[in-house]
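A short worksheet on the structure shown next.
In UniProt numbering, the protein residues as written are 1 to 191.
As structure tokens, then:
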């Protein structure tokens with residue numbers, strides 16, 4: 001179940017990272033400093049996405065890590081909504097009539113656009129603050145350590161062979177002295 005939730009989080013994150021990359025690639029007319037904000041969002045979310053991908057490979061998550069993952073996923077949805085609104089606003093230039101009426105409508109539209117961009121800029125700043133807080137929470141609760149400690153390559157152990165061959169040989173020789181000659185077959189040495 002945890003793997004499915006982490007996969008959902010990485011799927012949304014992948015879509016969002018593509019949109020942020022498009023915003024940075026395209027020649028949109030953004031407010032001053034907005035390109036820097038979007039680059040910061042993209043970089044931070046890329047780092048979080050790498051951790052989410054590692055979480056997706058884990059079978060079971062501890063409650064703290066699961067909660068952090070869920071918060072990042074919800075934050076990703078909020079950021080995606082904000083970025084969609086921003087991209088929609090940047091792409092859609094309304095058609096204005098010509099003449100005096102067009103001048104006034106264009107002026108009103110510019111004022112509305114400035115107000116809207118300012119609101120979106122404020123939302124992006126709030127989302128940036130949430131990302132920074134999620135990063136601090138990740139460090140504070142040592143989520144990277146949890147992931148690193150549980151993602152060590154584990155070799156499956158056959159429960160029936162927990163003792164080394166030497167222990168088995170010693171056990172067999174002590175219980176059955178006449179089997180000492182068979183130790184050659186077990187270990188490949190004469191003893």
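Using N, Cα and C, we set each Cβ at its ideal position, and we do this for glycine too.
Next on the checklist: Spatial neighbours of residue 46 within its chain, please: C-beta separation below 7 angstroms, excluding the five flanking residues on both sides.
Outcome noted: Within the chain shown, residue 46 is the residue found at index 46, counting from 1. Excluding sequence neighbours, residue 46 sits near 17.
Next on the checklist: Short of 8 angstroms in beta carbon distance, which residues of its chain neighbour residue 11, apart from the five on each side in sequence? Order them along the chain.
Outcome noted: As a first step, residue 11 is located in the chain shown; it is residue number 11 there, counting from the start. Nothing meets the Cβ criterion.
Next on the checklist: So for residue 74, helix, strand or coil by DSSP?
Outcome noted: Counting from 1 along the chain shown, the entry for residue 74 is found at position 74. Residue 74: helix per DSSP, three-state reduction.
Checklist entry - Of all the options 147, 21, 100 and 49, which has the alpha carbon lying nearest to the alpha carbon of residue 36? => result Stepping through the chain shown from its first residue, residue 36 is reached at position 36. Closest by alpha carbon: 21.
Next on the checklist: Please state the DSSP three-state secondary structure of residue 46.
Outcome noted: Numbered from its first residue, the chain shown carries residue 46 at position 46. DSSP places residue 46 in helix when its eight states are reduced to three.
Checklist entry - Of the choices 74, 91, 118 and 131, whose alpha-carbon is the least far from that of residue 33? => result As a working mapping, residue 33 is identified with position 33 in the chain shown. Per the Cα distances, 118.
Item to check | Own chain residues within Cβ distance below 8 angstroms of residue 62, not counting five before or after | outcome: As a working mapping, residue 62 is identified with position 62 in the chain shown. Excluding sequence neighbours, residue 62 sits near 146.
Next on the checklist: What does the alpha-carbon distance come out to for the pair residue 51 and residue 80?
Outcome noted: Taking the first residue of the chain shown as position 1, residue 51 is located at position 51. Taking the first residue of the chain shown as position 1, residue 80 is located at position 80. The straight-line gap from Cα to Cα measures roughly 19 angstroms.
Checklist entry - So what does DSSP say about residue 97, is it helix, strand or coil? => result What you label residue 97 is simply residue 97 of the chain shown in a count that begins at 1. Coil at residue 97, not helix or strand.
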